[in-house]
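Since the structure comes first, as C-alpha cells, the remarks are kept for the end.
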Amino acid sequence: ENNVNNNWYTSTIACWCLEYTEQAINIVRKNDPSKYNNIVELIFFNETSEVATWKHIRANVYLPYDEQHKVFLQQEGYMDKEQILVKDLEPSQRPINQKWSWDRILRSCFIKQADVLQGIYLFEDRFDIETIKNNFEFYESRTVHESSLSPCVHSIIAAKIGKIDQAYNLYLRTARLDLDDYNKEVHEGLHITSMAGTWMSIVEGFGGMRIQNDMLIFNPSIPKGWKSFSFKIWFRENLIKVVVAHEEIIIINEQGPSLNVKVWDKPLKVNSSSLIKI
Numbered sequence: 001e002n003n004v005n006n007n008w009y010t011s012t013i014a015c016w017c018l019e020y021t022e023q024a025i026n027i028v029r030k031n032d033p034s035k036y037n038n039i040v041e042l043i044f045f046n047e048t049s050e051v052a053t054w055k056h057i058r059a060n061v062y063l064p065y066d067e068q069h070k071v072f073l074q075q076e077g078y079m080d081k082e083q084i085l086v087k088d089l090e091p092s093q094r095p096i097n098q099k100w101s102w103d104r105i106l107r108s109c110f111i112k113q114a115d116v117l118q119g120i121y122l123f124e125d126r127f128d129i130e131t132i133k134n135n136f137e138f139y140e141s142r143t144v145h146e147s148s149l150s151p152c153v154h155s156i157i158a159a160k161i162g163k164i165d166q167a168y169n170l171y172l173r174t175a176r177l178d179l180d181d182y183n184k185e186v187h188e189g190l191h192i193t194s195m196a197g198t199w200m201s202i203v204e205g206f207g208g209m210r211i212q213n214d215m216l217i218f219n220p221s222i223p224k225g226w227k228s229f230s231f232k233i234w235f236r237e238n239l240i241k242v243v244v245a246h247e248e249i250i251i252i253n254e255q256g257p258s259l260n261v262k263v264w265d266k267p268l269k270v271n272s273s274s275l276i277k278i
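1 is the number of the first residue of the sequence shown in my numbering; add one for each residue after it.
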C-alpha cells in the first residue's frame, strides 16, 4: 500500500536484513580473514560503529501491534479504516481492483495479498501457534486474494494451524486461478506464480515440509476428500519421495545416503534405497 508509516512486514524484513548482514560478516571474517580485510579497506567499513548502529535499529524499530485483537498491525493507522470483511462485499464489486478506484481501495481495509501473513510465513519459527492463528483469522477475512501470490501463502498457514478445509479451498484457488479465471484477466497471460504456489501448497501446506537445523521435517495433513497424495524433493544428496494417506505416511529414500528426518517431531532415519512407514 502507498503512503503508509511503519508497515510491519517492511520493518520486519529490514531488521532481518541487518541481522543477516551481521551474520554474513562474521562468516567471511572467520573463513577468509584476508578477503574480509580487503573488503573493509575497499568500502571504508568500520564494523564496530556500523554493527552497533544496526543493533540499535533492530532493538528500537517500531512494530505496530493491536492489543485488542492480539495481532500485528499491517501498518500504523490500519485500524482507523472502516473494518469490513470480504464476505460482506457484494459479488458485483469483485474484483475490486477492476471495479473500484485506486483511491477507494487504499482507503479501505481490504488487502490484495498476504502482508503481515507473508512475514509470518517467512519467519514462522519466531511465533507461537496462537499468534499465527490470531493473525491468520484477522487478516485472511480482510484479504481479497486478487493476486496470484496470495492464496498459496494463506493455504500453507491454514494447514499449519489445522484449518484443513480452509487450506484446501485456498489450494483450489491457487491451483485453478487461471483455469477458472478468478481475476478475469487470463486473456493477458497465465500466472506462473500460482503454478509455483500450487506446488508450495501441497509440499509446505499439506506435506508440512520445513527445513530446521539442516534437517527435513514433516507435519503432514490431508484433505478429507483425498485418498492420498505424494511428492518428491531433492535435499542435499538425497531424492526423497513422500506419500501421505489418511492412515499412513511413507518416506522413501530413492537416491543418496542415509538421511535423518523428523515426522511430527519424531526423529527417524531413512536408510539409503529404503523406506519407512509411520
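Each residue gets a CB set at the ideal place from its N, CA and C atoms; glycine is no exception.
Counting C-beta neighbours from all protein chains within 10 Å, is the total for residue i 16 or more, i.e. buried, or is it exposed?
i    : result
W102 : exposed
N38  : exposed
F138 : buried
S150 : buried
N174 : Sequence inspection shows Thr at residue 174; the Asn mentioned does not correspond to that position. Label assigned to T174: buried.
E237 : exposed
E248 : exposed
G197 : buried
W234 : exposed
W8   : buried
Y20  : exposed
Straight-line CA distance for residue i to residue j?
i    : j    : result
I132 : L73  : 13 Å
H145 : L89  : 13 Å
D214 : W100 : 47 Å
H98  : G205 : At residue 98 the sequence reads Gln, which differs from the His that was named. About 30 Å.
K81  : L106 : 10 Å
I278 : M200 : 23 Å
N6   : I13  : 12 Å
G77  : R104 : 16 Å
G207 : W226 : 13 Å
Taking only three categories from DSSP, how would you classify residue i?
i    : result
P267 : strand
I211 : strand
I278 : coil
W234 : strand
L149 : coil
S11  : helix
I120 : helix
Given the structure, does residue i come close to the ligand SAM, in the sense that its CB is under 6 Å from one of the ligand's heavy atoms?
i    : result
E247 : The model on display carries no ligand, and the ligand SAM is accordingly not part of it.
Where are the beta strand (DSSP E) runs, 3 residues long or more, that stay fully inside the segment 236-264, in chain order? The segment 236-264 contains these whole beta strand (DSSP E) runs: 238-245, 249-255 and 259-263.
Quick test of the definition: if touching needs 3 or more C-beta pairs under 8 Å, does the segment 161-171 touch the segment 179-193? With a cut-off of 8 Å, the segment 179-193 and the segment 161-171 do not count as touching, because too few Cβ pairs lie within range.
Completely contained alpha helix (DSSP H) runs for the segment 153-209, where each covers 4 or more residues: List check, alpha helix (DSSP H) in window: 164-175 and 192-200.
Examine the Cβ distances between the segment 260-270 and the segment 216-230 and report whether three or more of them are shorter than 8 Å. Yes, the segment 260-270 is in contact with the segment 216-230.
Runs of beta strand (DSSP E) wholly within the segment 63-87 (minimum 3 residues, chain order): Within the segment 63-87, there are no complete beta strand (DSSP E) runs of at least 3 residues.
Enumerate, from N- to C-terminal direction, the unbroken beta strand (DSSP E) stretches of 3 or more residues contained entirely within the segment 91-115. Counting whole runs of 3 or more residues, the segment 91-115 contains no beta strand (DSSP E) stretch at all.
Complete alpha helix (DSSP H) runs within the segment 28-64 (minimum length 4 residues, chain order): The qualifying runs are 33-43 and 47-60.
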